[in-house]
Amino acid sequence: MTIDKITVVGAGVMGRGIAYVSALAGFQTTLVDVSKEQLANALAELNTIAEKAVARGKISHTSVEKLFHSLHTSTDLQTVVQETDFVIEAVPEKRDLKKQVLEIVDVFSPQQVVIASNTSTISPTELGSYTKRPERVAAMHFFNPVHRMRLVEIVKGLETSANTVGLIRKVAERMGKETVEVNEFPGFVTSRISAMVGNEAFYMLQEGVASAEDIDKAIKLGLNYPMGPLELGDLVGLDTRLNNLKYLHETLGEKFRPAPLLEQYVKAGRLGRKTGRGVYDYTNDSEMVKK
Ligand SMILES: NC(=O)c1ccc[n+]([C@@H]2O[C@H](COP(=O)([O-])OP(=O)(O)OC[C@H]3O[C@@H](n4cnc5c(N)ncnc54)[C@H](O)[C@@H]3O)[C@@H](O)[C@H]2O)c1
41 MTIDKITVVG
51 AGVMGRGIAY
61 VSALAGFQTT
71 LVDVSKEQLA
81 NALAELNTIA
91 EKAVARGKIS
101 HTSVEKLFHS
111 LHTSTDLQTV
121 VQETDFVIEA
131 VPEKRDLKKQ
141 VLEIVDVFSP
151 QQVVIASNTS
161 TISPTELGSY
171 TKRPERVAAM
181 HFFNPVHRMR
191 LVEIVKGLET
201 SANTVGLIRK
211 VAERMGKETV
221 EVNEFPGFVT
231 SRISAMVGNE
241 AFYMLQEGVA
251 SAEDIDKAIK
261 LGLNYPMGPL
271 ELGDLVGLDT
281 RLNNLKYLHE
291 TLGEKFRPAP
301 LLEQYVKAGR
311 LGRKTGRGVY
321 DYTNDSEMVK
331 K
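For the sequence shown, this note's numbering begins at 41 and goes up steadily by one.
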């Protein structure tokens, strides 16, 4: 099956990045969101990313022109998926919401279309059960920021066919990504480790073990992580991190109980970079800690 048209559902932190690598790879890409504002923000951010990439000599002006020629936006999911070859879902990590979106995609898109979810933790078997084509559903887990991170984790559900895995791998490779194939288990490989480390860093901050900057510095320089766990949390979104932890706590037990300080930040609306403030403060891009 030839894949030409890709629909990305959700224009948030991840969906916009996925749409960028998809359009850059030459797929006719439509980014769909319920919010016009999010779509406008997404296009503005992708423009900035493309400009920086040109300035660094990573891509040419012609590629950027082609990219924006291949990239479309819409708020009408039902209509868009009627003429699509492949769907990537990137709405928030809430089962009810994913169910609602997958049901619409299942009803309105052609039967052969693969529905890949960018879920960080949710069972692809469960996601497949929301549709009448579980053999064409799997997790296609990208990493943040999508245009820089090289991996896509492909997670098979109970009914996912080998053909679906093969198609997802081809799409990911055309987007310039490496893939790993993972059997279903909550949190897959990467989210499970990342949630554990990020949560532990929050417990340390709460216990006053060290300042946020020193926790991040210790992990970066002492353990050779490219980013500290707290700055990574701000990049991922603290609400997303909390949703992941809640799911892992429910499925894998006590060791994933979310740190109360993390819950408090989310309640306060300190969600990280996307709201201008999380563990660190990004207003004026100062990145100074304000606790
Ligand atoms: N943030 C990360 O670092 C990261 C990394 C890997 C995977 N993920 C996963 O990717 C998914 C998306 O996360 P995110 O961080 O991009 O979320 P986000 O909150 O930044 O963006 C979600 C977007 O979905 C839109 N949306 C909500 N309901 C919708 C609907 N019914 N139809 C269309 N659009 C809708 C919202 O308006 C928003 O723009 C989640 O499953 C998350 O677990 C996130």
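Cβ atoms here follow ideal geometry from the backbone N, Cα and C, with glycine treated the same way.
When the Cα atoms are used, what is the spatial distance from residue i to residue j?
i, j, result
"Tyr322", "Leu288", "29 Å"
"Thr204", "Val121", "18 Å"
"Thr161", "Asn324", "33 Å"
"Arg176", "Gly318", "37 Å"
"Ser114", "Asn81", "13 Å"
"Leu198", "Asp254", "43 Å"
"Arg214", "Leu302", "37 Å"
"Gly52", "Gly168", "23 Å"
"Thr124", "Met41", "12 Å"
"Lys38", "Ser149", "With the chain covering only 41 through 331, there is no way to say anything about residue 38."
"Thr200", "Ile208", "11 Å"
"Ala90", "Glu294", "43 Å"
"Asp385", "Ile155", "A query on residue 385 cannot be resolved here, the shown segment of the chain reaching from 41 to 331 and no further."
"Met54", "Thr102", "25 Å"
"Asn158", "Tyr170", "15 Å"
"Gln118", "Phe126", "14 Å"
"Ser326", "Gly316", "Residue placement at Ser326 cannot be trusted, given a pLDDT of 46 that sits under 50; what the coordinates show is reported in the next sentence. If I take the Cα positions, the gap works out to 10 Å."
"Ala299", "Val306", "11 Å"
"Arg173", "Gln152", "8 Å"
"Arg135", "Ala235", "18 Å"
"Lys260", "Asp116", "43 Å"
"Asp73", "Thr88", "20 Å"
"Val292", "Ala93", "A small fix is needed here, since residue 292 is Leu in this sequence, not Val. If I take the Cα positions, the gap works out to 40 Å."
"Thr49", "Phe108", "Residue 49 is actually Val in this sequence, not Thr. Approximately 18 Å, taken between the alpha carbons."
"Glu290", "Glu224", "16 Å"
"Thr47", "Thr219", "20 Å"
"Leu79", "Asp256", "32 Å"
"Leu263", "Val237", "12 Å"
"Leu83", "Glu105", "13 Å"
Report the three-state DSSP secondary structure of residue i (helix, strand or coil).
i, result
"Tyr170", "coil"
"Val306", "helix"
"Tyr60", "helix"
"Glu224", "coil"
"Ser110", "helix"
"Thr47", "strand"
"His187", "coil"
"Val249", "coil"
"Pro269", "helix"
"Glu123", "helix"
"Val229", "coil"
"Tyr287", "helix"
"Val147", "helix"
"Pro164", "helix"
"Gly216", "coil"
"Asn264", "coil"
"Ala299", "coil"
Checking the sheet assignment: what are the DSSP bridge partners for residue i?
i, result
"Ser157", "Glu129, Ala179"
"Gly312", "Arg317"
"Gln68", "Lys45"
"Ile194", "Met180, Glu221"
Between residue i and residue j, how many whole angstroms is the CB-CB distance? I'm expecting something under 8 Å.
i, j, result
"Glu12", "Arg56", "Since the first and last residues shown for the chain are 41 and 331, residue 12 lies out of range."
"Phe296", "Leu282", "Not confirmed; about 11 Å, so no contact."
"Pro164", "Val195", "5 Å"
"Tyr320", "Ala252", "7 Å"
"Lys138", "Glu129", "7 Å"
"Thr280", "Glu133", "6 Å"
Does residue i get closer than 8 Å to chain C when you measure Cβ to Cβ?
i, result
"Leu83", "Among the chains in the structure shown there is no chain C, since it carries only a single protein chain."
For this session: Would you check if there are 3 or more beta carbon pairs closer than 8 Å linking the segment 182 to 189 to the segment 60 to 70?
Result: yes
Exercise. Does the segment 144 to 160 come within contact of the segment 64 to 76, defined as at least 3 CB pairs closer than 8 Å?
Worked result: The segment 144 to 160 vs the segment 64 to 76: no contact.
Exercise. Counting pairs of beta carbons, one from the segment 171 to 181 and one from the segment 224 to 232, are three or more of them closer than 8 Å?
Worked result: yes
Exercise. Are the segment 233 to 250 and the segment 265 to 284 touching, with three or more C-beta to C-beta distances below 8 Å?
Worked result: yes
For this session: Assess, as a yes-or-no matter, whether the segment 270 to 279 is touched by the segment 304 to 313 under the definition of 3 or more beta carbon pairs within less than 8 Å.
Result: Touching, yes, given that three or more Cβ pairs across the two stretches are closer than 8 Å.
For this session: Determine, using beta-carbon pairs with one atom in the segment 243 to 254 and one in the segment 91 to 108, whether at least three such pairs fall under 8 Å.
Result: no
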